[in-house]
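Take a look at the structure below.
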Amino acid sequence: MSQVRVRFAPSPTGYLHIGGVRTALFNWLYARQQKGIFILRIEDTDQSRSTDESIQAILEGMAWVGLDWDEGPFRQTERMELYRSHGLRLFEQGKAYWCVCTPEALEARRKEAEAKGLSPKYDGRCRALGITKPTQEAALRFKAPQEGQTVVDDLIKGRVVFDNNVLDDLVILRSNGYPTYNFSVVVDDGLMKITHVVRGDDHLTNTPRQLPMFEALGFPIPRFGHLPMILGPDRTRLSKRHGATSIMAYKEMGYLPEAMVNYLVRLGWSHGDQEVFSREELIEKFSFDHVQKSSAVFNPDKLLWMNAHYLQHSDPSRIAEALVPLLEQAGLKAEIEAVTPEWMQRLIVMVRERTKTLMEMVHWVKPYFGHAVPYEEEAAKKFLTQSTVPVLQELVATFEKFPALSKAEWEEAFKKLVEQKGLKMGQLAQPVRVALTGRTASPGLFEVMELLGRERTLLRLRKGIERASAAQA
RNA sequence: GUCCCCAUCGUCUAGCCUGGCCUAGGACGCCGGCCUUUCAAGCCGGCAACACGGGUUCGAAUCCCGUUGGGGACGCCA
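Oh and the first sequence: position 424 is 424 in this note's numbering, straight run, nothing missing.
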């Protein structure tokens, strides 16, 4: 068996979307598993819609999810000669012909046919003309087989049979000399010796159109695998109106690429009941046998859960790596530089079980930098009241007696004070929480103290007392 | 309209190929409880599906046919 060669072939007409990433991912996984070659090919033959920004977006998106390629990126616009020469060869061999129908005329006939309830396919009228040297604008059409059947033995869908009479003579070279999609794909997949064409199942009906071209060009026929589509909640193809579909939008919302990959791979593929897979496991366990035939609805809730899971279970240094740029973006550059990586990781471990995205984590992590902490007005108003001043003062006095902060000792002292005063835990805990973090919700108080350290804990408690003393009685 | 694909809880899915182990399992979400200094996390429990109709068979979620429903394709777009 020769080496597996697969490709991801997006067209650069917008951002890299979720569906594209999943297609790329399945190709990549298969290549890595089979020790094969993964090729990136940019299909930019539609010069009116392709942009360089889109190419950048594709590369950026691929990099973010960690899908690296072995060959390319190739751009089809740099391979024009190849398509032209192969097209002309088909003409010379009598397998293609010049068509002088204008786009307008074709459009009109298509409409007419549709109105009559007929198939809108090209009627093949130039096929018999035998034009050898067109004197006007002409497109080259491939002579598609008109009888018999074309069978696609699909890796995912199984055996699919098409009657050739549904095929029409496809334009392979436009009158402007550019190849069309269905032709450039065949030439490239053939020339690049692609062994497995794995793409969205919106291409399934393109396959019987492409197979005869592989044959005509003398290329070996690759295996095909058509992946089910990803749908929005309304069960139509996922698109912009369903919300964020750009892969980079998820980066910006604070998702981890590994969570994204894990979620996406489970959309259409499964391995028993397992939900969470490391990248190594995916490479090992991926199989087309367990790719679902039916389309899947994108479920943001489950993606969010997956992200929370990775936030909670990944190595803290990994989370820090992803979080730090976001903190810098949030204007905390100086604060980050003032702390050690170890402390940063402790902070992450402390807050992470209450965050589902890195963006939420940014919010949760903020109170622990710097000396004093700003209060959320509501929180201060509610808990830093005159009546709390005496007990807070007593707490500070108690803590001051300890030369160092010991979480266990301070907790014990705290609880003793609560008991002495006949208070409920929360009656002291909430004011202290606000004093320490500025908020009513936080990690465990003594974890917070331990992280802040003795001096900052005492400082913030004193500031809390100041604020409470200034409050209206 | 024509062709193609698909069909298990609201969603992602296991099981289907190689019928009985399925009183259909897991996950997300939802509801309830436990834990609890707040917020979470965690743990325990609950609700919830084989689209429908015919066959085949001792027996069908699993095999066959049809119906219905959903999706896709039919461009000098990709």
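Backbone N, C-alpha and C define an ideal beta-carbon position, used for all residues, glycine too.
Keep in mind the model is a prediction, meaning the values are calculated, not measured.
- Membership of Val152 in the beta strand (DSSP E) is indicated by the continuous run Gln149 to Asp154.
- Here Gln76 is buried: its Cβ has 16 or more other Cβ atoms, across all protein chains shown, within 10 Å.
- Pairing Leu88 with Asp52, the inter-Cα distance amounts to about 29 Å.
- For the alpha helix (DSSP H) assignment, the uninterrupted runs of no fewer than 4 residues enclosed by the region 44 to 117 are, from N- to C-terminal side, 52 to 65, 80 to 92 and 103 to 115.
- Cβ-Cβ distances below 6 Å link Arg439 to Glu376 and Ala379 in the same chain, with the five nearest sequence neighbours on each side left out; the list follows chain order.
- For Arg49, the closest of Pro12, Leu238, His363 and Val152 by C-alpha to C-alpha distance is Pro12.
- The three-state reading of DSSP puts Ser294 in coil, since its state is none of H, G, I, E or B.
- In this structure, the straight-line span from the alpha carbon of Ile55 to that of Val151 is close to 34 Å.
- The three-state secondary structure of Phe399, taken from DSSP, is helix.
- Straight through space, the alpha carbons of Gly426 and Tyr30 are spaced by roughly 55 Å.
- Its Cα nearest to that of Pro257, the residue Arg22 stands out among Thr135, Pro10 and Arg22.
- Shown here, Val4 sits in coil according to DSSP, grouped into three states, outside any helix or strand.
- Cβ neighbours of Arg237 within its own chain (closer than 7 Å, five residues either side excluded): Met229 and Leu231.
- In the same chain as Val351, and ignoring 5 residues on each side of it, the C-beta atoms closer than 7 Å to its own belong to Met361, Trp364, Val365 and Pro443, in chain order.
- Going by DSSP, Gly426 is part of the alpha helix (DSSP H) stretching over Met425 to Thr437.
- It is roughly 10 Å from the alpha-carbon of Gln472 to the alpha-carbon of Ser387.
- With fewer than three CB-CB distances shorter than 8 Å, the region 204 to 213 does not count as touching the region 317 to 325.
- Looking only at Gly422, Ile37 and Val373, the smallest Cα-Cα distance to Arg433 is reached by Val373.
- By the CB criterion at 8 Å, Glu450 and Leu405 fall inside the cutoff.
- Taking one beta carbon from each stretch, the region 166 to 175 and the region 138 to 153 have 3 or more pairs nearer than 8 Å; the two touch.
- Taking the Cα of Lys95 as reference, the smallest distance to any Cα among Pro145, Tyr250 and Pro220 is reached at Pro145.
- DSSP, reduced to helix, strand and coil, places Asp202 within a helical segment of the structure shown.
- One thing to note: Thr437 has its Cβ no nearer than 8 Å to the Cβ of Leu417.
- Between the alpha carbons of Tyr255 and Ala441 lies a gap of roughly 23 Å.
- Partner residues in the beta bridge of Val197, as assigned by DSSP, are Phe224.
- Within the model, the alpha-carbon separation for Val186 versus Arg5 is close to 14 Å.
- With respect to Leu82, Leu264 sits apart: the two C-beta atoms are not nearer than 8 Å.
- Secondary structure note for Leu452: its alpha helix (DSSP H) is the uninterrupted segment Leu445 to Leu452.
- Burial check for Val161: the Cβ neighbour count within 10 Å stays below 16, so the residue is exposed.
- Per the Cβ contact rule, the region 284 to 299 is in contact with the region 232 to 251 (3 or more Cβ pairs under 8 Å).
- By the criterion of a C-beta distance shorter than 6 Å, Leu326 is surrounded in its chain by Leu358 and Val362, once the five residues flanking it on both sides are discounted.
- Thr385 is the residue among Thr385, Thr245 and Ala429 whose C-alpha sits nearest the C-alpha of Ile465.
- Contact between Asp168 and Tyr122 holds: their C-beta atoms lie close to 4 Å from each other, under 8 Å.
- By the CB criterion at 8 Å, Val198 and Gly225 fall inside the cutoff.
- According to the DSSP assignment, Phe26 belongs to the alpha helix (DSSP H) that extends over Ile18 to Gln33.
- Collapsing the DSSP output to three states places Val161 in a strand.
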